[in-house]
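Just so we're aligned, residue 13 is where the sequence shown starts under the numbering used here, counting upward by one.
Working notes, beginning with the structure itself.
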Amino acid sequence: MHLHPHPDATAGSRVPVVAAVAVGGAAGALLRYGASRLWRNGSDAALLWRTGEAAFPVTTLLINVVGCFLMGVLTVALKERFTGAPRLLNPLLGTGVLGGFTTFSSYTDDTRRLFANDQPGYAVANMLLTVAGALTAVVLGVVVARLLLVRPRPAGAGAGSGS
13 MHLHPHPDAT AGSRVPVVAA VAVGGAAGAL LRYGASRLWR NGSDAALLWR TGEAAFPVTT
73 LLINVVGCFL MGVLTVALKE RFTGAPRLLN PLLGTGVLGG FTTFSSYTDD TRRLFANDQP
133 GYAVANMLLT VAGALTAVVL GVVVARLLLV RPRPAGAGAG SGS
């Protein structure tokens, strides 16, 4: 029993939501593919860092951190600033585009690969940097979005100020 249903849940057909997630997921995966072609490394910027089978997965780390930052921004944008946005925008952009763009499955495979190549220091660093970077990026995205998008309430406005 759900006492507080998810705000994006509505009665009726789920087909539009599934379609929005699918379209967004395809777009996000294409964006991730493009980013991995721009900054190639280990599992997928030869000029920027070491490449090859045992290279540190910098590109995967950057994609996940950027995606988490954008998720923080999107959350504030849709839930606090543009509250009247179409209901399919969150599934399209959040679950779809950003879910397709970020790649935590590659993160785990990159970590496995580093352990398999006898690079436990790189493997542990990848685990810690990805988790800490992702969480920090979400918080930073929320803070930046609130600073840029959320209008402060006028003095005296809000709960408990009725006369």
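Each residue gets a CB set at the ideal place from its N, CA and C atoms; glycine is no exception.
Since this is a predicted model, take the numbers as computed values, not measurements.
If you run the structure through DSSP and keep just helix, strand and coil, what is residue i?
i, result
"Ala-57", "Its pLDDT being 41, under 50, Ala-57 is placed unreliably by the model, and nothing is read from it."
"Thr-87", "helix"
"Ala-25", "As written in the sequence, residue 25 is Ser, which differs from the Ala given in the question. If DSSP states are grouped into helix, strand and coil, Ser-25 belongs with coil."
"Gly-96", "coil"
"Thr-115", "coil"
"Val-35", "helix"
"Arg-125", "helix"
"His-162", "Looking at the sequence provided, one finds Val at residue 162 rather than His. Val-162 falls in the coil class under three-state DSSP."
"Phe-81", "helix"
"Ala-67", "coil"
"Ala-41", "helix"
"Ala-167", "coil"
To which residues of the same chain is residue i closer than 8 Å at the C-beta, ignoring the five residues directly before and after it?
i, result
"Pro-164", "none"
"Arg-158", "Val-88, Glu-92"
"Val-33", "Pro-103, Leu-104, Thr-107, Gly-108, Gly-111"
"Phe-127", "Ala-135"
"Leu-43", "Val-109, Gly-112, Phe-113"
"Val-162", "Val-88, Glu-92, Arg-93"
Sorted by chain position, which residues of the same chain lie with C-beta nearer than 6 Å to residue i's C-beta, five sequence neighbours on each side aside?
i, result
"Ala-39", "Val-109"
"Leu-90", "Ala-97, Asn-102"
"Val-29", "Pro-103"
For residue i, which residues in the same chain have their Cβ closer than 7 Å to its Cβ, ignoring the five residues on either side in sequence?
i, result
"Leu-82", "Leu-110, Gly-153"
"Val-155", "none"
"Val-85", "Gly-153, Val-156, Ala-157"
"Val-151", "Gly-84"
"Ala-146", "Asn-76, Val-77, Cys-80"
"Thr-142", "Leu-73, Asn-76, Tyr-119"
"Gly-37", "Gly-108, Gly-111, Gly-112"
"Phe-94", "none"
"Thr-115", "Arg-44, Thr-72, Ile-75, Asn-76"
Using a threshold of 7 Å, is the CB atom of residue i nearer than that to any non-hydrogen atom of the ligand SAH?
i, result
"Tyr-119", "By its list of ligands, the structure shown contains no ligand whatsoever, and the ligand SAH lies outside what it can speak to."
Taking one C-beta from the segment 150-169 and one from the segment 96-105 each time, how about it: are there three or more such pairs within less than 8 Å? no
Going residue by residue through the segment 129-153, where are the continuous beta strand (DSSP E) segments of at least 3 residues, counting only ones entirely within it? none
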